[in-house]
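Student: Start counting at 1 in the sequence shown, then tack on 7, and there's your number in this note's numbering.
Before I ask anything, let me first share the structure, which is written out below as C-alpha cells.
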Amino acid sequence: MSEIKDKLDLKEIVLLGRTYDEYVKAFNLDGLTLKDERLLDAASGVSSFAFEAAMQGIDITAADRIYSLSARDIEAKCAKDLDIVMAQMPTVAHLYKWEYFRDVESLKAARSRAYRLFIEDFQRQGGSRYVTCEFPITGFSDNQFTITLISHFLFLYDDRLDYEFHRQTLTECLRISSKEIRIFPIVNLKGEQSPYIEKIFADEAFSDCTISIQPVGYEFINNGSRMCVISV
Ligand SMILES: C[S@@+](CC[C@H](N)C(=O)[O-])C[C@H]1O[C@@H](n2cnc3c(N)ncnc32)[C@H](O)[C@@H]1O
Numbered sequence: 008m009s010e011i012k013d014k015l016d017l018k019e020i021v022l023l024g025r026t027y028d029e030y031v032k033a034f035n036l037d038g039l040t041l042k043d044e045r046l047l048d049a050a051s052g053v054s055s056f057a058f059e060a061a062m063q064g065i066d067i068t069a070a071d072r073i074y075s076l077s078a079r080d081i082e083a084k085c086a087k088d089l090d091i092v093m094a095q096m097p098t099v100a101h102l103y104k105w106e107y108f109r110d111v112e113s114l115k116a117a118r119s120r121a122y123r124l125f126i127e128d129f130q131r132q133g134g135s136r137y138v139t140c141e142f143p144i145t146g147f148s149d150n151q152f153t154i155t156l157i158s159h160f161l162f163l164y165d166d167r168l169d170y171e172f173h174r175q176t177l178t179e180c181l182r183i184s185s186k187e188i189r190i191f192p193i194v195n196l197k198g199e200q201s202p203y204i205e206k207i208f209a210d211e212a213f214s215d216c217t218i219s220i221q222p223v224g225y226e227f228i229n230n231g232s233r234m235c236v237i238s239v
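Next comes the structure, spelled out in C-alpha cells:
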C-alpha cells in the first residue's frame, strides 16, 4: 500500500498549468467584463489561460521566468513534472477534493491539455504575449495592467518563498496594476492557510490598500476555495 503523506514532496516549483475554465472559477472572473481589462497572468508558466483568453479577444500578457527557455525545453520539463506529481498523487490524494476532477486520470488529462495548448501558442507568439521576468522584479511600467492574477505561486509555496519575497512581489504587482491583484489559492501545499496572509494584513507596506479574502467557485486543494484580493 502507498505511504500517506501530508504534502506533495517537490524539490522545486513545478511546471504545471491550469486552464481558462479553472482560472475563471478560481478568480471569480465571471463577475468582470474581461474585454474592458488589461490582464497580467503573473508566474503563468504553462497555463493555457493566456492563450484561451486571447482567443476571446481579451487583452492578456503572461509573465514567467521560464519564457527564456525554448518550447522544447519547457515541454520536456513539463512532461517530467507531470510524471513526478502524478506518481505522488496516490499518497496525497486525501489532501484534494475530487469533484472538479473526478480522479487522477482526469487531472492528468487537463494538465496535459493545458501545457500542450500553451506550447503551441508559445511557439507561435514568442515574446509578444509571453514575457520573461524574474519576480519580484519586472520591466513593466506603472499601471500597465488593470488586474494581475497570481495562480499557484505565492502562498502555496510558502515553504520555499519567504515573506520578504512575497512582500516584494506583491508590491511590484501593485505598482504595475491600476486596480487590483488577485491571488489564488491562499493555502500552502499542506492545505493550511498560509501564515503570510495574516502578515500581509498587518504589513504597513499594504496599509494604503484594501485587502479581502473572498470565496471562489473552485476547490481542488482541500480548504483552497478562497482568494486574496488586494485593491489599490
Ligand atoms: C505551479 S506554476 C503555476 C502556473 C500557473 N500560474 C497556473 O496556475 O497554472 C508556478 C510558476 O511560477 C514560476 N516561477 C517561480 N518562481 C518565479 C519567479 N521568481 N519569477 C517568475 N516566475 C516564477 C514557475 O516558472 C512556474 O511556471
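Backbone N, C-alpha and C fix where the C-beta goes; we use that ideal spot for every residue, glycine too.
The alpha helix (DSSP H) that contains Ser113, what's its start and end?
Tutor: As a working note, residue 113 is residue 106 in the sequence shown. From DSSP, the alpha helix (DSSP H) with Ser113 extends over 111 to 132.
Student: Hey, quick one: how far does the alpha helix (DSSP H) through Thr176 stretch, first residue to last?
Tutor: As a working note, residue 176 is residue 169 in the sequence shown. Element bounds for Thr176: 170 to 182.
Student: Pull up the distance between the alpha-carbon of His173 and that of Glu10, whole angstroms please.
Tutor: Start at 1 with the first residue of the sequence shown, and residue 173 comes out as number 166. Start at 1 with the first residue of the sequence shown, and residue 10 comes out as number 3. If you take the alpha carbons of His173 and Glu10, they lie about 32 Å apart.
Student: Based on the DSSP output, what are the partners of Leu46 in its beta bridges?
Tutor: Mapped onto the sequence shown, residue 46 falls at position 39. According to DSSP, which records beta bridges pairwise, Leu46 is partnered with Ile67, Ile154.
Student: Does the pairing of the region 82 to 99 with the region 60 to 72 give three or more beta-carbon distances under 8 Å?
Tutor: The answer is no - the region 60 to 72 does not touch the region 82 to 99, with fewer than three Cβ pairs under 8 Å.
Student: Going along the chain, which residues of its own chain have a beta-carbon closer than 6 Å to the beta-carbon of Leu47, five neighbours each way excluded?
Tutor: For the purposes of this step, residue 47 is taken as the residue at position 40 of the sequence shown. Excluding positions up to five away in sequence, the list reads Thr68, Phe152, Thr155.
Student: So, for Ser185: in the same chain, excluding its five sequence neighbours on each side, which residues have a beta-carbon less than 8 Å away from its beta-carbon?
Tutor: Reading the sequence shown from its first residue, position 178 is the one you call residue 185. Excluding residues within five positions, the ones whose Cβ falls inside 8 Å are Asn150, Phe152, Thr153, Val239.
Student: Among the residues of its own chain, which have a CB less than 7 Å from the CB of Asp88, if the five just before and after it don't count?
Tutor: Indexing the sequence shown from 1 puts residue 88 at position 81. Counting only Cβ-Cβ distances below 7 Å, and skipping sequence neighbours, we find Val21, Leu22, Leu23.
Student: State the DSSP-derived secondary structure class of Arg167, mapped to helix, strand or coil.
Tutor: Along the sequence shown, read from residue 1 onward, the residue named residue 167 stands at position 160. Coil, per DSSP.
Student: Measuring straight from C-alpha to C-alpha, what distance separates Ala212 and Leu102?
Tutor: As a position in the sequence shown, residue 212 is number 205, starting the count at 1. As a position in the sequence shown, residue 102 is number 95, starting the count at 1. Near 33 Å, if we compare the C-alpha coordinates of Leu102 and Ala212.
Student: For Ala57, is the classification buried or exposed, using 16 other Cβ atoms within 10 angstroms of its Cβ as the cut-off for buried?
Tutor: For this step, residue 57 is matched to residue 50 along the sequence shown. Ala57 is buried by the Cβ-count criterion.
Student: Taking C-beta to C-beta, are Phe160 and Tyr203 nearer than 8 Å?
Tutor: Within the sequence shown, residue 160 is the residue found at index 153, counting from 1. Within the sequence shown, residue 203 is the residue found at index 196, counting from 1. The answer is no: Cβ separation not under 8 Å.
Student: What number of angstroms, rounded off, separates the C-alpha of Phe108 from the C-alpha of Arg189?
Tutor: Residue mapping note: residue 108 aligns to position 101 of the sequence shown, counting from 1. Residue mapping note: residue 189 aligns to position 182 of the sequence shown, counting from 1. In a straight line, the C-alpha of Phe108 is about 23 Å away from that of Arg189.
Student: Quick check: the region 28 to 45 against the region 124 to 137, are at least 3 beta-carbon pairs closer than 8 Å?
Tutor: Output reads no: the region 28 to 45 does not touch the region 124 to 137.
Student: Suppose you measure from the CA of Ser148 to the CA of Asp37; what does that come to, to the nearest Å?
Tutor: Here residue 148 refers to the residue found at position 141 of the sequence shown. Here residue 37 refers to the residue found at position 30 of the sequence shown. C-alpha separation (whole angstroms): 27 Å.
Student: How close, in whole Å, do the beta carbons of Leu181 and Ile144 come, if the pair is a contact with beta carbons under 8 Å?
Tutor: Your numbering for residue 181 matches position 174 in the sequence shown. Your numbering for residue 144 matches position 137 in the sequence shown. Contact doesn't hold; Cβ gap of about 14 Å is too wide.
Student: Per the DSSP calculation, Cys140 is bridged to which residue(s)?
Tutor: For the purposes of this step, residue 140 is taken as the residue at position 133 of the sequence shown. Note: Cys140 sits in no beta bridge, so no partner.
Student: Using only CA atoms, which one of Asn229, Ile73, Leu177 lies nearest to Ser214?
Tutor: Numbered from its first residue, the sequence shown carries residue 214 at position 207. The candidate whose alpha carbon is nearest that of Ser214 is Leu177.
Student: Nearest by alpha-carbon distance to Val111: which of Phe142, Phe227, Ser232, Arg233 is it?
Tutor: Here residue 111 is taken as the residue at index 104 of the sequence shown, counted from 1. If we check each option's Cα against that of Val111, Phe227 comes out closest.
Student: Which of the three DSSP states, helix, strand or coil, is assigned to Arg189?
Tutor: By one-based count along the sequence shown, residue 189 stands at place 182. Arg189 falls in the strand class under three-state DSSP.
Student: Using only CA atoms, which one of Lys206, Leu168, Gly198, Asn229 lies nearest to Lys18?
Tutor: Residue numbering aside, residue 18 sits at position 11 when the sequence shown is read from its first letter. Looking at the Cα atoms, Leu168 is the closest of the given residues.
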